[in-house]
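Novice:
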Amino acid sequence: MPINKEELLAEFLKSFKIAVNGALLYTKSHPFFMRYIEDLKRKIDPLFDFLNPLKVVITPNSLVIDDKTFSKTSWYDELVKILHRRKIKSIEFKRGITGQELVVLLDRISLPPLEILKQGGVDRIFSRNDNTHFTIEELDYSSLLIDKEGEGFNEAWFSLVESSINHNETRKINEFADNFQIIVAKIKINDLVTDERLRKSMSDFMNYLKVNQKEKFNKCCQELLESALKYRGELDEAQLLSLQSFFIGLDEKDLANVLWNKLSLDDDFGPVGLRLFSQLAGKDKHKTIVSTVFDKARDISPASGASRIKEKIEKLFSASDNIHIPEIYQNMLSALRENSSLEDKIAFDRDQVDRNYRFILLNLIIEEKDDGALSMLLEKVMEDWDTIIANRDFEYLKNLIEVSRRKTSENPDCRRIFKKIDDRIGSFLEAAVFEQPFNQSIKPLIESIEKSSAGYDFYLEKIFNDKKVNQQALSLFFRLFPGDLERFRNKLEQNRADIDLLVNMIEDLKHVDSLVSLDVLKYLFYSCNEYIKIEALRAMQECSNFDKEFLFSIITRENNALKKEALQVIMRDQEMLKEALQMLFDIPNSFGRSNGVIIERISLVEEIELKEASAFLAGFSRKMFFWNRALRLKAREVLRKWNAE
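If you read the sequence shown in the working numbering, its first letter stands for residue -8, the second for the next number, and so on.
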């Protein structure tokens, strides 16, 4: 049992995270959920001796308690994301909080974010309850809108903009404007011209800015126009006029800025986008827009990527033949294509010269037959080693590895000459595999490692002491040390209380997807708590390998939560599934003695919609005699639900 504040806080947050997940998965009366509540109550009460009240502040990337920040692990990241999306800024707990109050708290914050919004927000939801021992502070509306993804975004936009404008909440409107590029990327242009409610809310927002914040109005108009120019569909005249109305307030300079950004920065901008721009800009502004674009082209420097812009304009010009674009813009493209200021100047590049020299050395190494000369050439490469690594020249390393293999294949005696540089490459790659974030460019190079230069202890130190675990490192470790996992299991045993480490490792193990990774997942199942058991089984659902005997032992001996996860692994193999269902339902049941067990298992297959069990349920639905009544009714209920009766 932890006795200091730091340990108590860590235990509390882990229990809180599990309880929040439980609230998302189960009803508030479910035994598992109530068990999580009891554990949370046990973990929070000792903390009041140090902190009363206990306030958890939720920032976009971390949790903060008593000026201590908890972040940078998937464990905290997931909890932050759940609370942040429900626009909860902080939760304050006070001594004396009851289990029932914790149930109310978790039951309310487990509501979907959009449902919370529809009910008037967190403040209104909790104002309906007499919460004497906890307080919720609501996050600004704008953060919910900016973070909102997928279905329901339009509804969030309607509600938040309407509320903010009606109440003249300048701070919120400003935040929408400051983050408008993020927001407008989520609005479909087709919706904007066909959905009257969305169009009106956008118009109200723009008009508010036009009257009160002219500078922000110009910025948002330009960002909306840039987004609109990505549209590739057809718009009729009424829709064009509707869309054009948003940009009437932009002057020629603003419009020219948008067009130049598209021409110079957007590789996807083509003739369709240019035609749409000409339609939205308005005929009376074309001449000034084109003149301003020419001014920008004259000022561009070779260092700004002038030749790339010229190449893009060349493609745009040649592709625009079959698309009706006003003549003034056709002439603009033609003139830009001939613009001499868009020609790059040749410059002396010392770095490229040095790299060419190293590749010349490689060519000499390939052709060299004399051992002495070969050693001298390799020493020249070694002299540049620090530069190669500093520049992350993975292409050169790949070629160096291939040359080494080719030479040693042709002449095995060359291995002693290449050993030093092979070890240097191996050591670098084995260290690089633990770098965060992982550089995908080295993945093909890692696959070339046949023998470890760093040693077994290096991996144990990185994984268990430095907590640097990722799928590439685990995959390489298992490949280099396939038959020496005992010490690895011992380390797992020593760290089984480190939930963060184990959860991260399980996430990576499912991507490693080998017999060794399956063996480690099984070991974690046998040696850890139920939460880790469930995570291990969920990982197995994504692995191509499985252990039939192991899975069958779970569905015959373990509780329903574990049975459910094991069945979802078994479901991938129809023959194995038939055996599993036989084991679940073909059990002795004289005079209904096993009815309770069978009903529980019917509920289990109902929960995961395992319709392959329909044949067994059909048999139970026809059971006679009064003692089978509950079994008969349950089977019929599920069959009706599945339309299988």
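For each residue, glycine too, the CB sits at the ideal point set by N, CA and C.
Source: prediction; values computed, not measured.
May I ask you to list the residues that DSSP assigns as paired with residue 59?
Specialist: DSSP, once it has assigned bridges, lists 56 as partnering residue 59.
Novice: Leaving out five residues on either side along the sequence, give the residues of the same chain with a beta carbon under 6 Å from the beta carbon of residue 207.
Specialist: For residue 207, where only same-chain residues beyond five positions count, the Cβ hits under 6 Å are 168 and 200.
Novice: Take residue 453 and list the residues in its own chain whose beta-carbon comes closer than 6 Å to its own, dropping the five residues that flank it on each side.
Specialist: Answer for residue 453: 425 and 459, listed in chain order.
Novice: Tell me where the beta strand (DSSP E) around residue 80 begins and ends.
Specialist: Where residue 80 is concerned, the enclosing beta strand (DSSP E) stretches over 79 to 84.
Novice: Check whether the Cβ atoms of residue 572 and residue 553 lie closer than 8 Å to each other.
Specialist: No.
Novice: Quick one, which of 17, 352, 315 and 349 has its alpha-carbon nearest residue 94's?
Specialist: Residue 17 is the option with its Cα nearest to residue 94.
Novice: Measuring only the C-alpha atoms, how far is residue 70 from residue 250?
Specialist: About 42 Å.
Novice: Between the segment 589 to 609 and the segment 626 to 635, do at least 3 Cβ pairs fall closer than 8 Å?
Specialist: Segments in contact, yes.
Novice: Measure the C-alpha to C-alpha separation of residue 439 and residue 21 and round it to an integer number of angstroms.
Specialist: Those two C-alpha atoms are separated by around 51 Å.
Novice: Which residues bound the alpha helix (DSSP H) around residue 399?
Specialist: 385 to 401 is the span of the alpha helix (DSSP H), which, as asked, contains residue 399.
Novice: From residue 364 to residue 461, what distance separates their C-alpha atoms?
Specialist: Going by the C-alpha atoms only, they are around 41 Å apart.
Novice: Could you check whether the Cβ of residue 463 sits closer than 8 Å to any Cβ belonging to chain C?
Specialist: Given the protein chain composition of this structure (a single chain), no chain C is represented.
Novice: Short check: CB of residue 469 to CB of residue 505, under 8 Å?
Specialist: Yes, the Cβ-Cβ distance between residue 469 and residue 505 is below 8 Å.
Novice: Taking only three categories from DSSP, how would you classify residue 126?
Specialist: Three-state result, residue 126: strand.
Novice: Give me, in chain order, the residues of the same chain whose beta-carbon lies closer than 6 Å to that of residue 480; leave out the 5 immediate sequence neighbours on both sides.
Specialist: Taken in chain order, the residues that qualify are 514.
Novice: Taking the continuous beta strand (DSSP E) assigned at residue 45, which residues delimit it?
Specialist: Per DSSP, residue 45 belongs to the beta strand (DSSP E) from 45 to 49.
Novice: Skipping 5 residues on each side, what residues in its chain have a beta carbon closer than 8 Å to that of residue 642?
Specialist: Nothing about residue 642 can be read from this structure; the chain reaches only from -8 to 636.
Novice: What are the complete alpha helix (DSSP H) segments, minimum 4 residues, inside the segment 549 to 636?
Specialist: You should have 551 to 561, 565 to 576, 586 to 598, 605 to 612 and 620 to 632.
Novice: Given this structure, state the Cα-to-Cα distance separating residue 160 from residue 57, to the nearest angstrom.
Specialist: The straight-line gap from Cα to Cα measures roughly 31 Å.
Novice: Determine whether the beta carbon atoms of residue 101 and residue 15 lie at a separation below 8 Å.
Specialist: Cβ distance < 8 Å, so residue 101 and residue 15 count as in contact.
Novice: Looking at the unbroken alpha helix (DSSP H) that takes in residue 315, where does it start and where does it end?
Specialist: Neither: residue 315 is in no alpha helix (DSSP H) and is coded neither H nor E.
Novice: Quick one: what does DSSP say residue 425 is sitting in, helix, strand or coil?
Specialist: In this structure, residue 425 counts as coil in the three-state DSSP scheme.
Novice: Grab me the residues of residue 73's own chain with a C-beta within less than 7 Å of its C-beta, minus the 5 sequence neighbours each way, in chain order.
Specialist: Once the five neighbours on either side are set aside, the close Cβ partners of residue 73 are 11.
Novice: According to the Cβ coordinates, are residue 447 and residue 491 closer than 8 Å?
Specialist: No, the Cβ-Cβ distance between residue 447 and residue 491 is not below 8 Å.
Novice: In whole angstroms, what is the alpha-carbon distance linking residue 523 and residue 465?
Specialist: Residue 523 and residue 465: Cα-Cα distance of roughly 19 Å.
Novice: Might you give, ordered along the chain, the residues of its own chain that have their beta carbon closer than 6 Å to the beta carbon of residue 124, omitting 5 neighbours on each side?
Specialist: Answer for residue 124: 85, 87, 88 and 92, listed in chain order.
Novice: Go through its chain and collect everything with a Cβ distance to residue 471's Cβ below 6 Å, but skip five positions before and after it.
Specialist: The answer, listed in chain order, is 443.
Novice: Indicate whether residue 619 and residue 583 have their beta-carbon atoms separated by less than 8 Å.
Specialist: Yes, the Cβ-Cβ distance between residue 619 and residue 583 is below 8 Å.
Novice: When the Cα atoms are used, what is the spatial distance from residue 225 to residue 451?
Specialist: Rounded to whole angstroms, residue 225 to residue 451 spans 59 Å at the Cα level.
Novice: Measuring CA to CA, which of 246, 317 and 185 is closest to residue 212?
Specialist: Taking only the C-alpha atoms, the option nearest residue 212 is 246.
Novice: Rounding to the nearest angstrom, what Cα-Cα distance links residue 557 and residue 546 in this structure?
Specialist: Those two C-alpha atoms are separated by around 7 Å.
Novice: If you scan the segment 248 to 279 from start to end, which runs of the alpha helix (DSSP H) of 4 or more residues do you find wholly inside it?
Specialist: Correct list: 262 to 272.
Novice: Answer with buried or exposed for residue 374, where buried requires no fewer than 16 other C-beta atoms within 10 angstroms of its C-beta.
Specialist: By the neighbour-count rule (16 or more Cβ atoms within 10 Å), residue 374 is not buried but exposed.
Novice: Please return the same chain residues whose Cβ sits closer than 7 Å to the Cβ of residue 691, not counting the five positions on each side in sequence.
Specialist: Absent from the model: residue 691. The displayed extent of the chain is -8 to 636, so no value can be given.
Novice: Three-state secondary structure (DSSP) at residue 354?
Specialist: Reduced to three states, the DSSP call for residue 354 is helix.
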